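Just so we're aligned, residue 0 is where the sequence shown starts under numbering that gives the first Met the number 0, counting upward by one. For every residue, glycine included, the Cβ atom is placed at its ideal position computed from N, Cα and C. Bear in mind the structure is a predicted one, so any value in this text is a computation, not a measurement. Right, one structure below, let's go through it.
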Amino acid sequence: MKNFFKRTISGIALFTACYHIYVALAGTPEVMTFRSIHLMLSFTLIFLVNPASKKLAASNPVLSRGIDILMIIGIVASCGYLLVSNEHVVNRFAYIDELKTIEVILGIAIILLILEGTRRCIGLALPVTASMFLLYALLSPQVDKSLIIDQMYLTTEGIFGIAIAVSATYMVLFIIFGSFVERMGTGKLFMDSAVSIAGSAAGGPAKVAVLTSALFGSISGSPTANVMTTGTFTIPMMIKLGYRRAFAGAVESCASTGGQIMPPIMGACAFVMVEFLGTSYSAVILMALIPAILFFLALFFAVHFEAKRTGIEGLPKEDLPNLKQVFLDRGHQFIPLIVIVAVLISGYSAPYAALIGAFSVIPTAFLRKTTRNEVTIKSIIDALIAGAINNLAVAAACACAGLVIGIISLTGIGLDFSNFVVNLSQNSLILALLVTAIAGIILGMGLPTTPSYILQAALLVPALIKLGVMMEAAHMFVLYFAVLSVITPPVAITLYAAGGISGAGIWESGAAALKLAAAGYIIPFMFVYNPSLLMFGSWGEVAQSSITALIGVICMAGALHSYFMTATKGSQRLILFATAMLLIHPMLLTDFVGAALLCSLIVMQHKTRNNSRPDSLDTEPTIIPE
0 MKNFFKRTIS
10 GIALFTACYH
20 IYVALAGTPE
30 VMTFRSIHLM
40 LSFTLIFLVN
50 PASKKLAASN
60 PVLSRGIDIL
70 MIIGIVASCG
80 YLLVSNEHVV
90 NRFAYIDELK
100 TIEVILGIAI
110 ILLILEGTRR
120 CIGLALPVTA
130 SMFLLYALLS
140 PQVDKSLIID
150 QMYLTTEGIF
160 GIAIAVSATY
170 MVLFIIFGSF
180 VERMGTGKLF
190 MDSAVSIAGS
200 AAGGPAKVAV
210 LTSALFGSIS
220 GSPTANVMTT
230 GTFTIPMMIK
240 LGYRRAFAGA
250 VESCASTGGQ
260 IMPPIMGACA
270 FVMVEFLGTS
280 YSAVILMALI
290 PAILFFLALF
300 FAVHFEAKRT
310 GIEGLPKEDL
320 PNLKQVFLDR
330 GHQFIPLIVI
340 VAVLISGYSA
350 PYAALIGAFS
360 VIPTAFLRKT
370 TRNEVTIKSI
380 IDALIAGAIN
390 NLAVAAACAC
400 AGLVIGIISL
410 TGIGLDFSNF
420 VVNLSQNSLI
430 LALLVTAIAG
440 IILGMGLPTT
450 PSYILQAALL
460 VPALIKLGVM
470 MEAAHMFVLY
480 FAVLSVITPP
490 VAITLYAAGG
500 ISGAGIWESG
510 AAALKLAAAG
520 YIIPFMFVYN
530 PSLLMFGSWG
540 EVAQSSITAL
550 IGVICMAGAL
560 HSYFMTATKG
570 SQRLILFATA
580 MLLIHPMLLT
590 DFVGAALLCS
600 LIVMQHKTRN
610 NSRPDSLDTE
620 PTIIPE
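As structure tokens, then:
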């Protein structure tokens with residue numbers, strides 16, 4: 000029986016992947032048809048892969064599977080009705096035509112099934128949030144209860160709205176692309192090239208984690224999956240070299256999380272932002288470029304300063320792969336990434352680019368003997384199956400997020416929330432930004448980045464725009480806090496994943512992660528007040544803002560990790576922190592003052608370093624008697 004269900008899961012997952020590839024090639028069918036098929040396939044897999052209760056599955060597998068089958072029947076019936084009655088659903092007057100009894104029953108069923116499937120897949124956080132919104136609508140005297148079912152089930156404003164469209168159109172194909180990249184050995188290219196570049200430097204393994212996770216995180220679509228992929232190699236290596244367990248797990252978590260803001264793919268968030276902003280893909284990745292560089296540069300120097308302060312050396316050069324040989328053996332595996340960017344810049348759609356990128360992985364692997372043996376029928380099928388299964392958490396979160404967005408649209412609570420933020424902040428932008436950042440972290444806890452961003456775009460962005468923030472900066476602001484929520488305690492799902500490898504506790508790892516990613520919490524405020532960091536403005540303004548911000552985040556990393564040119568203590572550390580804040584602030588005067596402070600600190604550090612050398616110590620002159 001166990002093997003039967005395993006084969007069933009593999010078969011449905013393979014069909015799901017092939018169906019989405021076919022749609023990308025042949026063109027998207029009618030909206031409700033496509034999204035309902037995507038939802039039906041995804042939730043069928045969710046109920047097969049994730050038992051209602053692990054204890055029940057272990058003690059009474061027959062009963063457990065019986066419950067799963069009932070759930071599957073319910074989701075197939077709910078989505079199947081939309082397929083069979085598609086003409087009626089599409090042509091009816093939403094909110095005016097009276098609902099049929101069957102539509103009410105199936106509408107209630109699909110809402111409950113989505114809540115349960117999401118609970119099984121990603122935990123309680125989002126289902127509880129969605130339930131609270133639904134309860135608000137049910138208790139609201141201004142809302143006709145029949146309209147809730149209408150909105151959620153029979154229109155594209157609820158379950159079958161923009162959130163599930165993102166999962167069906169973008170995410171599944173990019174996750175399939177990521178699976179192909181992983182199965183064909185591209186991850187080894189990322190790792191070996193990073194090790195050969197940074198492995199011998201001070202604290203080399205931690206720098207390797209930063210580089211590899213920036214590369215892999217951009218395409219994986221999941222920080223947690225990235226931790227479990229690259230972290231199994233980098234975290235033990237960091238611990239072996241002398242890093243604290245909590246610090247090692249935090250480095251990998253922060254780097255993997257940062258991949259979601261790293262162009263060109265940004266874990267597919269770039270394509271969702273394209274939809275919201277109504278702009279081009281190239282415009283979005285251009286906006287994201289400087290903030291992403293600031294984040295990873297701050298992280299890289301934080302790792303470097305920690306290594307220098309604690310005296311952690313790099314790996315022996317003789318143990319490292321040769322960079323030239325790595326590129327000779329596997330350098331061609333960068334081609335699929337180049338293909339995706341080239342296809343997108345050429346003006347083709349993101350799903351088509353993901354498909355071409357996935358298809359290019361196989362012939363690319365055939366180019367060299369060193370990678371040719373990794374292309375087999377089994378590895379291709381496994382990549383397709385893994386891609387479909389890895390998308391389940393995203394599909395569940397997007398469907399459940401659709402419930403929240405539907406209620407926001409139906410009740411007008413989004414406008415109420417925007418007014419609440421504006422009133423709470425008393426029209427002060429900095430207070431509004433702080434409230435939005437906190438709300439964004441809370442809303443994002445326990446959620447994949449993409450649905451978290453979609454929720455925040457619906458609830459939080461309007462308030463920022465109302466207070467005069469550029470629309471692009473407002474969207475990028477909430478995206479950053481959707482990303483950072485996964486490394487912010489107490490939920491911090493990537494830290495739990497890293498803790499399983501490092502053996503460190505969540506709070507110790509969380510404290511280390513907050514220090515490492517400190518710049519990430521400040522960067523969104525920087526580009527709200529200084530849009531030139533998002534490439535808005537003259538090239539001179541962009542260059543000046545970028546250079547001072549780069550120096551500022553490096554100084555902040557030094558202040559937090561008590562090292563710059565040498566160890567910093569007391570007043571020097573305060574000067575370094577003040578320098579960072581002055582350089583980060585977008586004003587020419589503060590830049591000049593910050594530069595002057597930095598110069599004085601460099602002089603002090605230079606003297607401190609010289610005085611600490613053995614050959615510079617003062618000695619009493621030897622007196623030779625006459």
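Taking every protein chain shown into account, the CB of Met131 has fewer than 16 other CB atoms within 10 angstroms, so this residue is exposed. The DSSP assignment places 428–443, 448–458, 460–465 and 470–483 as complete runs of the alpha helix (DSSP H) inside the stretch 428–492, in order along the chain (cut-off: 4 residues). About 6 Å separates the beta carbon of Ile175 from that of Ala16, a gap short enough to meet the 8 Å contact definition. By the 16-neighbour rule on beta-carbons within 10 angstroms, Asp415 is exposed.
According to the DSSP assignment, Gln150 belongs to the alpha helix (DSSP H) that extends over Lys144 to Tyr152. A distance of 7 Å or more separates the beta carbons of Ala306 and Val552.
Going by beta carbons, Thr229 and Thr256 fall outside the 7 Å limit. Nearest to Leu293 by alpha-carbon distance, out of Pro262, Trp538, Met151 and Met272, is Pro262.
Here the alpha carbon of Tyr18 sits roughly 27 Å from the alpha carbon of Ile66. 7 Å or more divides the Cβ of Ala473 from the Cβ of Val482.
The closest CA to that of Arg34, considering only Asn49, Tyr21, Asn59 and Leu82, is found on Leu82.
At least 7 Å separates the beta-carbon of Gly122 from that of Ile45. Non-local beta-carbon contacts of Val374 in its own chain, meaning distances under 7 Å to residues more than five positions away in sequence, involve Met183, Ile361, Ala364 and Phe365 in chain order. The straight-line gap separating the alpha-carbon atoms of Met227 and Arg308 is approximately 28 Å. Under DSSP, Ala566 forms a beta bridge with Tyr562. The beta carbons of Pro523 and Trp506 sit about 25 Å from each other, so the pair does not count as a contact at 8 Å.
With respect to Ala254, Val180 sits apart: the two C-beta atoms are not nearer than 7 Å. Rounded to the nearest whole angstrom, the CA to CA distance from Gly405 to Gln150 is 7 Å. At the C-beta level, Ala12 and Ile550 stay beyond 7 Å of one another.
Your pair Val103 and Leu153 does not check out as a contact, with CB atoms roughly 10 Å apart and the cut at 8 Å. About 7 Å separates the beta carbon of Phe526 from that of Met475, a gap short enough to meet the 8 Å contact definition. Pairing Ala595 with Leu575 gives a Cβ-Cβ distance that is not under 7 Å.
Taken through DSSP and simplified to helix, strand or coil, Phe270 comes out as helix. Here the C-alpha atom of Ile412 lies approximately 40 Å from the C-alpha atom of Gly499. Taking a 10 Å sphere around the C-beta of Phe92, we find fewer than 16 other C-beta atoms and assign the residue as exposed.
Around the CB of Tyr169, 16 or more other CB atoms lie within 10 Å, so the residue is classed as buried. Residue burial is scored here from C-beta neighbours: His605 has fewer than 16 other C-beta atoms within 10 angstroms and is therefore classed as exposed. Contact annotation, Val22 with Thr449: C-beta distance approximately 19 Å; criterion of less than 8 Å not satisfied.
Separation of Pro585 and Phe535 (C-alpha to C-alpha, rounded to the nearest whole angstrom) is 14 Å. Counting the other Cβ atoms within 10 Å of the Cβ of Ile384 gives 16 or more, which makes it buried.
Within the model, the alpha-carbon separation for Val342 versus Leu587 is close to 40 Å.
Taking the Cα of Leu288 as reference, the smallest distance to any Cα among Arg329, Ser217, Phe300 and Ala76 is reached at Ser217. Glu471 is classed as buried because its beta carbon has at least 16 other beta carbons within 10 Å across all chains shown. Residue burial annotation: Ala398 is buried, with at least 16 other C-beta atoms found within 10 angstroms of its C-beta.
Between the alpha carbons of Gly593 and Arg572 lies a distance of about 14 Å.
A Cβ-Cβ distance of about 6 Å is found for the pair Ile440 and Phe480, placing them in contact under the 8 Å criterion.
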